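Student:
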Amino acid sequence: MAQPSTTPSPVAAFFDLDKTIIASSSALAFSKPLLREGLINRRAALRSAYAQLVFSLAGADAAKTERMRAEVSALCTGWDVAQVSAIVRETLHDVVDPLVYAEAAELISSHRADGHDVVVLSATGEEVVAPVAEMLGATRSVATRMQIVDGRYSGEVDFYCYGENKAIAAKELAATYGYDLTQCHAYTDSSTDIPLLEAVGRPHAVNPDRVLRKHATEQGWDILAFDHPMSLRTRIPAKSAGLVALGAVAAGATWYGYNRRKRTR
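In this note's numbering, the protein residues as written are 9 to 273.
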């Protein structure tokens with residue numbers, strides 16, 4: 009009679025991106041260089057900075073994030089996806105490099121050393137999240153997917169990787185790759201990711217907002233403080249570092265292509 013397998017199920021560590029792996033909101037971090045390069049106008053830069061200030065003071069609740077998602081989705085309609093990806097690769101490395109928390113990089117390395125898969129889950133668009141995840145040594149990533157028609161964004165969202173949808177994505181990955189969610193880890197700063205934290209056996213609140221800190225304290229979850237951004241050039245090979253690309257909020261900061269096309273016409 010065959011004996012049951014004693015091989016443990018694989019374990020994953022799920023990481024949020026903004027304010028968990030990187031020390032800032034990507035939209036706020038990128039507003040200055042985008043303005044300097046003429047990729048966004050001053051109004052868009054100021055609106056981005058203001059929105060992120062509100063988020064930092066009051067937390068990224070569902071209503072605010074949904075409004076921003078809808079705004080970005082409408083703004084990017086018709087933009088060329090390949091051009092957006094190229095601008096991300098070519099323009100944003102200097103912004104991203106100093107933003108990665110040393111503590112996050114160490115955790116990712118530690119999980120990989122323990123044989124765990126590392127998964128980045130982000131509301132940012134997949135065109136920017138995928139190269140970042142690869143650069144960091146993550147196993148895979150799941151991000152917001154914009155609908156693409158004939159190589160351009162249609163303005164519709166196929167999958168919004170936010171809130172409950174992050175928990176759904178984690179469960180689908182567990183079913184696909186055999187993860188035992190009771191042994192999996194999750195790291196995030198936002199109360200909107202509580203469904204993800206509740207889906208795993210080892211939740212961690214990183215620099216949590218007020219609501220998440222209260223909930224984590226009540227649940228007895230680990231609360232971590234990340235406060236040492238570092239240069240990735242000290243850790244990532246130059247070839248990989250050239251892939252760095254983080255975008256703005258929600259559906260992916262895809263306003264770049266439109267303004268560059270206008271400038272070059």
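Glycine included, every Cβ here is placed at the ideal spot set by N, Cα and C. Note that the coordinates shown come from a computational prediction; the quantities given were computed from them, not determined experimentally.
So what's H236 in DSSP terms, helix, strand or just coil?
Tutor: Reduced to three states, the DSSP call for H236 is coil.
Student: For D188, collect the residues of the same chain with a Cβ closer than 6 Å to its Cβ; drop the 5 residues on either side in sequence, then sort them by chain order.
Tutor: Same-chain partners within the cutoff: S17.
Student: On the DSSP bridge assignment, give the partners of M143 in chain order.
Tutor: BP columns for M143 are empty, so no partner.
Student: Helix, strand or coil: how does DSSP classify T152 here?
Tutor: Strand.
Student: Just to confirm before moving on: does the CB-CB distance between V127 and L181 stay below 8 Å?
Tutor: Yes, the Cβ-Cβ distance between V127 and L181 is below 8 Å.
Student: Across which residues does DSSP place S130 in a beta bridge pair?
Tutor: The partner list for S130 (beta bridge, DSSP) reads A151.
Student: Could you check the C-alpha separation between N173 and G86 for me, to the nearest Å?
Tutor: Roughly 26 Å between the two C-alpha positions.
Student: Can you grab the Cα-Cα spacing for the pair V6 / I176, in whole Å?
Tutor: Not covered by the structure: residue 6. The range shown for the chain is 9 to 273.
Student: Cβ atoms of V214 and T28: under 8 Å apart, would you say?
Tutor: Yes, they are a contact pair.
Student: Just the Cα atoms here: how many angstroms apart are D217 and H223?
Tutor: Cα to Cα, the separation comes out at about 10 Å.
Student: For A20, collect the residues of the same chain with a Cβ closer than 8 Å to its Cβ; drop the 5 residues on either side in sequence, then sort them by chain order.
Tutor: H124, D125, V126, V127, T147, A178, L181, A182, Y185, Y187, C192 and H193, listed in sequence order.
Student: I believe A131 touches Y170 by the beta-carbon criterion, under 8 Å. Please report the beta-carbon distance rounded to the nearest angstrom.
Tutor: Between Y170 and A131 the Cβ distance is about 4 Å, and since that is below 8 Å, they are a contact.
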